[in-house]
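Everything below concerns the one structure shown next.
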Amino acid sequence: MKDVIVLGGLNMDLIVETPRLAGPGETAEGTRFYTTPGGKGGNQAVAAARIAESPGSVKMVGRVGDDGFGEQMAGFLKSEDIDISLLSKTDGIASGIAAIFILPDGENHVNPVYGANGLCDRQQSSDVEGALSTAGVLLCQQEIPLSATKASIDAAVKAGVVVVLDPAPVRDVPDGFYDSVTVLTPNQGEASAMSGIEITDAVSARSAAVAIRNVGIETVIVTLGDQGAWVESDGISEFLDPFVVPVVASVAAGDAFNGGLGVGLASGMELLDAALLGMASGAICVSRDGAQEAMGSKTEVLALMASKTS
Ligand code: RIB
Numbered sequence: 049m050k051d052v053i054v055l056g057g058l059n060m061d062l063i064v065e066t067p068r069l070a071g072p073g074e075t076a077e078g079t080r081f082y083t084t085p086g087g088k089g090g091n092q093a094v095a096a097a098r099i100a101e102s103p104g105s106v107k108m109v110g111r112v113g114d115d116g117f118g119e120q121m122a123g124f125l126k127s128e129d130i131d132i133s134l135l136s137k138t139d140g141i142a143s144g145i146a147a148i149f150i151l152p153d154g155e156n157h158v159n160p161v162y163g164a165n166g167l168c169d170r171q172q173s174s175d176v177e178g179a180l181s182t183a184g185v186l187l188c189q190q191e192i193p194l195s196a197t198k199a200s201i202d203a204a205v206k207a208g209v210v211v212v213l214d215p216a217p218v219r220d221v222p223d224g225f226y227d228s229v230t231v232l233t234p235n236q237g238e239a240s241a242m243s244g245i246e247i248t249d250a251v252s253a254r255s256a257a258v259a260i261r262n263v264g265i266e267t268v269i270v271t272l273g274d275q276g277a278w279v280e281s282d283g284i285s286e287f288l289d290p291f292v293v294p295v296v297a298s299v300a301a302g303d304a305f306n307g308g309l310g311v312g313l314a315s316g317m318e319l320l321d322a323a324l325l326g327m328a329s330g331a332i333c334v335s336r337d338g339a340q341e342a343m344g345s346k347t348e349v350l351a352l353m354a355s356k357t358s
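In the working numbering, the protein residues as written are 49 to 358.
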């Protein structure tokens with residue numbers, strides 16, 4: 049397997065489980081609070097590292113602040129055998145955090161404050177560039193400044209490295225931002241926003257994927273949560289059924305998908321098999337509490353995948 053480089057956000061997730069969200073000016077008591085390392089970049093890195101072939105083959109590029117959360121997040125990534133030598137620390141700024149409210153059906157509402165993530169710049173794109181020679185895949189999202197992400201994408205494409213971009217959270221992007229991305233992985237809401245097509249089923253997911261792909265992206269995978277995923281690429285136009293698992297919390301499900309997909313592609317799997325690996329990783333993640341801590345082990349993810357093919 050070639051290396052997986054993850055460029056992106058790291059947040060300490062402050063999670064409140066609550067029967068309902070408070071309305072304007074109202075106070076509504078929650079039932080449980082805990083903190084867990086998160087952020088879309090960090091989550092993708094842990095999802096990938098837990099199923100990667102060798103320790104250190106997942107590299108995290110990003111920024112934390114000089115606070116306890118930053119130390120905890122870096123420590124957690126290291127304990128997962130992720131190479132954090134390209135993780136920068138900035139003095140005098142808080143690390144990213146995300147306030148997350150989880151409702152009884154597992155649905156989540158996320159309000160991040162990006163802190164140090166917002167200072168990602170040319171340092172990060174040159175860190176990515178320096179790591180490309182042994183990489184098969186670059187995973188990115190939209191929680192850090194788009195200029196750092198775009199420079200990294202361009203360098204990766206030039207080096208022949210596959211770029212997987214999760215367009216989350218939805219942001220206004222400059223013209224041409226997605227042009228050289230190899231695989232774009234919007235969820236239902238993101239794909240609707242990008243294509244202008246309301247997605248209600250597999251057929252509309254396909255229409256959205258085709259429309260998004262028309263800007264020149266090689267592959268578009270529209271993830272539909274517990275409804276499956278649509279994969280649209282050269283010679284491939286296919287719906288993948290979901291893995292059915294009990295949903296505890298859907299936080300980081302998309303990140304788990306991208307981490308699994310990234311490892312599949314870096315290992316030379318065919319696109320549909322890599323997407324299935326991503327879906328199995330996502331399914332394990334939603335069946336547990338937490339973000340990075342919820343990611344499935346290699347044994348769990350492969351066993352779930354095998355349950356579909358047997
Ligand atoms: O995708 C889930 C992640 O989004 C959470 O871990 C939170 O930190 C936000 O960035």
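Think of the CB as a built atom: it goes at the ideal place given N, C-alpha and C, for glycine as much as any other residue.
Chain-order list of residues whose beta-carbon lies under 6 angstroms from that of residue i (same chain, five-residue window excluded)
| i | result |
| --- | --- |
| His157 | Phe149 |
| Ser345 | Arg98 |
| Ala199 | Ser173 |
| Asn159 | Ala147 |
| Val94 | Glu128, Gln340, Met343 |
| Ser315 | Met49 |
| Gly310 | Val52, Ala96, Val185, Leu187, Val212 |
| Gln236 | Ile247, Leu272 |
| Ala257 | Val268, Val270, Trp278, Glu280 |
| Ala100 | Val106, Val311 |
| Glu266 | Thr230 |
| Val209 | Leu180, Ala183, Leu186 |
| Leu167 | Arg111, Thr138 |
| Leu151 | none |
Residue closest to residue i, alpha-carbon to alpha-carbon, out of the options
| i | options | result |
| --- | --- | --- |
| Gly273 | Ile284, Asp129, Val299 | Val299 |
| Pro288 | Ser345, Ile260, Met353, Tyr226 | Note on residue identity: the sequence assigns Leu, not Pro, to residue 288. Comparing Cα positions, the closest option is Met353. |
| Arg80 | Glu65, Pro290, Gly116 | Glu65 |
| Pro222 | Tyr162, Thr197, Thr83 | Thr197 |
| Leu55 | Glu238, Gly224, Leu62, Asp169 | Asp169 |
| Tyr82 | Ser228, Ala250, Ile63, Lys88 | Ile63 |
| Ile141 | Ala250, Glu77, Gly116, Gly123 | Gly116 |
| Ile130 | Leu309, Leu167, Val52, Val205 | Val52 |
| Asp303 | Leu320, Gly338, Asp321 | Gly338 |
| Ile260 | Glu266, Ser243, Gly307 | Ser243 |
| Ala207 | Val176, Pro193, Asp220 | Val176 |
| Gln92 | Ala122, Gly57, Leu167 | Gly57 |
| Ala250 | Ala241, Asp139, Asn306, Pro290 | Pro290 |
| Pro193 | Met121, Gly89, Pro67 | Gly89 |
Sequence-distant residues of the same chain with beta carbon closer than 7 angstroms to residue i, five excluded per side
| i | result |
| --- | --- |
| Ser255 | Ile245 |
| Val293 | Ala331, Val334, Ser335 |
| Gln171 | Ser136 |
| Ser252 | Ile245, Glu246 |
| Gly104 | Asp129, Asp131 |
| Gly224 | none |
| Ser195 | none |
| Val218 | Glu238, Ala241 |
| Ala301 | Gly273, Gly330, Cys333, Val334 |
Own chain, CB closer than 8 angstroms to residue i, minus 5 neighbours either side, in chain order
| i | result |
| --- | --- |
| Val295 | Asp153, Gly154, Asp274, Val334, Ser335 |
| Glu348 | Ile332 |
| Val205 | Val211, Ser228, Thr230 |
| Ser145 | Here residue 145 is Ile; the residue named in the question, Ser, does not match the sequence. Within the same chain, Ile145 has close Cβ partners Asn59, Met60, Asp61, Leu62, Phe117, Pro160, Val161, Gly163. |
| Asp321 | Gly312 |
| Ser240 | Glu246, Ile247, Ala256 |
| Gly276 | Ala250, Phe287, Leu288, Asp289, Pro290, Met327 |
Cβ-based burial, residue i [other Cβ within 10 Å; buried from 16]
| i | result |
| --- | --- |
| Ser143 | buried |
| Glu191 | buried |
| Pro85 | buried |
| Ser127 | exposed |
| Ser102 | exposed |
| Ser355 | exposed |
| Asn165 | buried |
| Glu238 | buried |
| Glu77 | exposed |
| Glu318 | exposed |
| Leu69 | exposed |
| Ala351 | exposed |
| Asn262 | exposed |
| Gly27 | Examination of residue 27 is not possible in this model, given that the chain is present from 49 through 358 alone. |
| Gly308 | buried |
| Gly87 | buried |
C-beta neighbour in chain C for residue i, strict 7 angstroms
| i | result |
| --- | --- |
| Glu155 | Included in the structure is just one protein chain, with no chain C present. |
Ranges of the alpha helix (DSSP H) found wholly within the region 257 to 315, counting only runs of at least 4:
Entirely contained in the region 257 to 315, the alpha helix (DSSP H) runs reaching 4 residues are, in chain order, 301 to 314.
Three or more C-beta pairs under 8 angstroms: does that hold for the region 225 to 236 against the region 67 to 76?
With the cut-off at 8 angstroms, the region 225 to 236 and the region 67 to 76 do not touch.
So, do the region 208 to 223 and the region 275 to 290 have three or more beta carbon pairs nearer to each other than 8 angstroms?
Too few Cβ pairs lie closer than 8 angstroms, so no.
Mind the definition here: the region 106 to 120 touches the region 322 to 329 only if three or more C-beta pairs lie below 8 angstroms; say whether that holds.
Output reads no: the region 322 to 329 does not touch the region 106 to 120.
Please go through the region 61 to 125 and give each complete alpha helix (DSSP H) segment of 4 or more residues, from N-terminal end onward.
Listed in chain order, they are 88 to 99.
Examine the Cβ distances between the region 121 to 139 and the region 180 to 194 and report whether three or more of them are shorter than 8 angstroms.
Cβ pair count under 8 angstroms is below three, so no.
Unbroken alpha helix (DSSP H) runs of length 4 or more, entirely within the region 141 to 210: which are they?
Counting whole runs of 4 or more residues, the region 141 to 210 contains the alpha helix (DSSP H) stretches 170 to 179, 194 to 206.
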